[in-house]
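Residue numbers (the working numbering): 5 to 224.
Using N, Cα and C, we set each Cβ at its ideal position, and we do this for glycine too.
Here the structure is a predicted model, which is why all the values come from computation and not from measurement.
Data first, discussion second: the structure below is written as structure tokens.
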């Protein structure tokens, strides 16, 4: 079972607005300054979150040439039924422009270790921050009406153990014995990094909640 975030729960708790009462919005493509973040994935997550909020009438722009335009062309050529070619696409009242940024890589780093009798124990923590910036554009005038920024911390941790053979030698000498020369020297490293995709989704969900408050969501 996938545990929902507070942002997802907040979006799910919103009353569903009838489609004909929603304002038309769109997003063309996210930009990204973070190598680990896919532009296509960020665009899809943002679009899906807008749709699932049930507050906006989301019109497709990013993938027009992969579905809508070819379908209209088929219809215009008489190769499909219906009247799709005779209808204009719905215009968007607002355009959202999003950018994924890495606000502060390695903002908080801690490393430490201790060596006892040849056994080395070490660990560390590292906190990065990713953020998204969203601008609200008036589709008719091109005016930037508003903007917002949302950030989320990513926590990394690591643990290391090494020097098993050296420790065995130390313990043997303390008891007046010799260590087995074939005792292996083992090094172990373990690390955990919070999912960037999870943090990105949380940022986008928070941004959509903010957009609902800042944008006139009533349809014209």
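Is the stretch 63 to 73 touching the stretch 25 to 38 in the sense that three or more CB pairs, one from each, lie closer than 8 Å?
-> yes
Residues that residue 58 bridges to, as DSSP identifies them = None; residue 58 has no bridge partner.
Residue 54 and residue 154 look like a contact to me (Cβ under 8 Å); what is the Cβ gap, rounded to whole Å?
-> Contact between residue 54 and residue 154 does not hold, since their C-beta atoms are separated by about 15 Å, which reaches or exceeds 8 Å.
Are residue 60 and residue 26 close, meaning C-beta to C-beta below 8 Å?
-> yes
Could you give the C-beta distance for residue 200 and residue 134, rounded to a whole number, given that I count them as a contact under 8 Å?
-> Your pair residue 200 and residue 134 checks out as a contact, with CB atoms roughly 7 Å apart and the cut at 8 Å.
Are the Cβ atoms of residue 215 and residue 138 separated by less than 8 Å?
-> Residue 138 sits close to residue 215, with the two beta carbons spaced by under 8 Å.
So, residue 103 versus residue 37, is the Cβ gap smaller than 8 Å?
-> Cβ atoms of residue 103 and residue 37: closer than 8 Å.
Who pairs with residue 98 in a beta bridge, going by DSSP?
-> Residue 98 pairs with 29, 142.
Residues near residue 186 in its chain [Cβ-Cβ closer than 8 Å; skip 5 each side] | Caution is warranted here: a pLDDT of 48 is assigned to residue 186, below 50, making its placement in the model unreliable, and no coordinate value can be reported.
Beta-carbon spacing of residue 143, residue 11 below 8 Å | no
Local Cβ density within 10 Å of residue 156, reported as buried at 16 or more and exposed below that = buried
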